[in-house]
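For the sequence shown, the residue numbers in our numbering are 1 to 465.
Just so it is clear, CB atoms sit at the ideal spot from N, CA and C, and this is done for glycine as well.
What follows is one structure encoded as structure tokens, with my remarks underneath.
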Amino acid sequence: MFNWFRRSSSQVSPTQRALGPMENVMMKASQQYHGYMKIGEVLYLRGPHITLDKLDTAVRCLQSRHPALRSRLQRDPDNPRSFLLEEDRTLRLEILEIPRKRDDYLTFWCREWKEREKETTHIGQGLAKFWLLQDPDDDHDKNAPREVVFICEHSISDGLSLSTVAHELLIALGSDDENVLGDSLNWPITMEKSIRESLSTSEIFFAISRLMLSAIYLRLTSMPTARVPFGRVDFTLNDMVTYCHTEAAYGMLNKEETEQLIERCHQEKVTVTSAVSAAILCAVSQLVIIDDGQETVLNVAINADTRRRCVPAVPNHDLSYHVSCIMPFVIPRRDIPTTPDGMWELARTFGHHVITAIDAGQILACGLISEKIVNKVLDSTNVSASPTCNISSWGLLPFRERYGPWELTGMNPFINQIRGESPFIIFQTVNGTLTIVVVGHDPVIPLQTTENLRDITMDTLRHMI
């Protein structure tokens, strides 16, 4: 436990940065499990032809601003089990121009990701790559759909920082000024170091102690966890990385519906995150396995951002990993409501749970011990210890509707989820549009299941508003 109080520098030399504890865990997982947890964003654009040189110039602007994007992955010579980033200003990140037919612009990237998601980052390589997707027949069409895909190791990014940097990429793409993004940023601080610098030793001790007591109480008092049904497979869960691929189902509220949801949230005095989470809980409750006579609970794992909880706050433009969690939200399946009024009451209950966890310091406490937790989860496949589902709210993201001659018509996040035992659900708001993504590991969690969960969640949200 005393290791959690240790204060250490994350910088090896001015041109190097050692990965922090959780960053190392994520990098090891990516290498060991075929790109597991690598994340990315599909930027849907409409406008004139994008040349490879134009995108390359924009990417080089990003590299000039962010040290992690102009660095190669290296082993730490003092600790071969750890990684570091080594700055190399000659590094050119990979950009693939992949032709596709215009009619396939909504789905082509997904098929391509399925083929390439298990590619791993090797020592000496950069930690991000880009795709440019467009129809060669649309070269002279000034209002055609085009996609830029930004893929990054989760060890050096999270949803907030990846979205902020994707926004910067589009700013650079839409500008003729190669210095539009400004001067280079410093190396970002690691999550663990930013937490230690925000809390005193006694605050860390009491926050972790309270967290452990809450975890013990939950373990002793909870009923069995309800789970979505697995598909029929002829391999063990330990072999998922070999036989599974990621499938995702995307649901969207249009701008009018999103405005209605936000207005209703104001009336009900809950956050959008709480409302969406309540809809997800109602949807999951309809899909889980029901054993006659056995009472079960929905156990929802909740990711949380540490950036704004630290002092000083870590800016979203720092491309780095700052993902923690809080104690799961647990509710008996029999208590899930079926009426809109009941759903809003569930949203308030969920919101109260989140506020209580924040006030107890759980976000920062979990951030300090998440390395231990995730390592334990990765070391073995234990269905009995897994949650019903995982929720990650990326919140209101910093995009705008126009970048030079290109209109941003949408953004879809994606993630390599080729192992695990539970659906992973992301939701976000971009330019006034709410998107919900249900991710599963097909065929263990089949595409049909993720699509059903998406459909019921969207129907529930519309029922609530």
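Would you mind stating whether residue 412 and residue 42 have Cβ atoms separated by less than 7 Å? yes
Which residue's Cα is closest to the Cα of residue 367: 113, 194 and 66? The residue from 113, 194 and 66 with its alpha-carbon nearest to that of residue 367 is 194.
Among the residues of its own chain, which have a CB less than 6 Å from the CB of residue 347, if the five just before and after it don't count? 270, 274, 275 and 278
Mind reading off the beta-carbon distance from residue 90 to residue 178? Whole number of angstroms is fine, and I expect it under 8 Å. With 8 Å as the limit, residue 90 and residue 178 do not qualify as a contact, their Cβ atoms being about 17 Å apart.
In angstroms, rounded to a whole number, what distance separates the CA positions of residue 478 and residue 357? The displayed coordinates of the chain run from 1 to 465. Any statement about residue 478 would go beyond what the structure contains.
Tell me which residues share the same chain as residue 398 and place their Cβ nearer than 6 Å to its Cβ, disregarding the 5 neighbours each side in the sequence. 164 and 167
Would you call residue 45 buried or exposed, if buried means 16 or more other Cβ atoms sit within 10 Å of its Cβ? Looking at its Cβ environment, which holds 16 or more other Cβ atoms inside 10 Å, residue 45 is buried.
If you measure between the beta carbons of residue 154 and residue 26, is that distance less than 7 Å? yes
Of the choices 184, 231, 161 and 323, whose alpha-carbon is the least far from that of residue 473? For residue 473 there is no data in the structure shown, the boundaries of the chain being 1 and 465.
Take the Cβ of residue 385 as the centre, count every other Cβ of all protein chains shown within 10 Å, and call the residue buried at 16 or more, exposed below. exposed
Indicate whether residue 460 and residue 282 have their beta-carbon atoms separated by less than 7 Å. For residue 460 and residue 282, yes; Cβs fall inside 7 Å.
Local conformation of residue 33 per DSSP, three classes: Residue state, collapsed to three classes: coil.
Tell me which same chain residues have a C-beta within less than 6 Å of the C-beta of residue 7, skipping the five on either side of it? Because the pLDDT at residue 7 is just 47, under 50, the model does not fix this residue reliably, and the value given afterwards should be weighed accordingly. Contacts found: 196.
Near residue 181, what residues of its chain come up, given a Cβ to Cβ distance below 8 Å and the 5 sequence neighbours on each side ignored? 61, 62, 64, 65, 168, 171 and 172
Short Cβ contact (7 Å threshold) for residue 117 with residue 303: Result no, Cβ atoms of residue 117 and residue 303 do not sit closer than 7 Å.
Using DSSP with H/G/I as helix, E/B as strand and the rest coil, what is residue 278? helix
Is the region 103-118 close to the region 226-246, with three or more CB pairs under 8 Å? Verdict: yes, contact present.
Extent of the continuous alpha helix (DSSP H) to which residue 464 belongs: Where residue 464 is concerned, the enclosing alpha helix (DSSP H) stretches over 447-464.
Which partner residues does residue 16 have in the DSSP bridge list? Answer is 13 and 86.
Straight-line Cα distance separating residue 176 from residue 423: Going from the Cα of residue 423 to the Cα of residue 176 covers about 42 Å.
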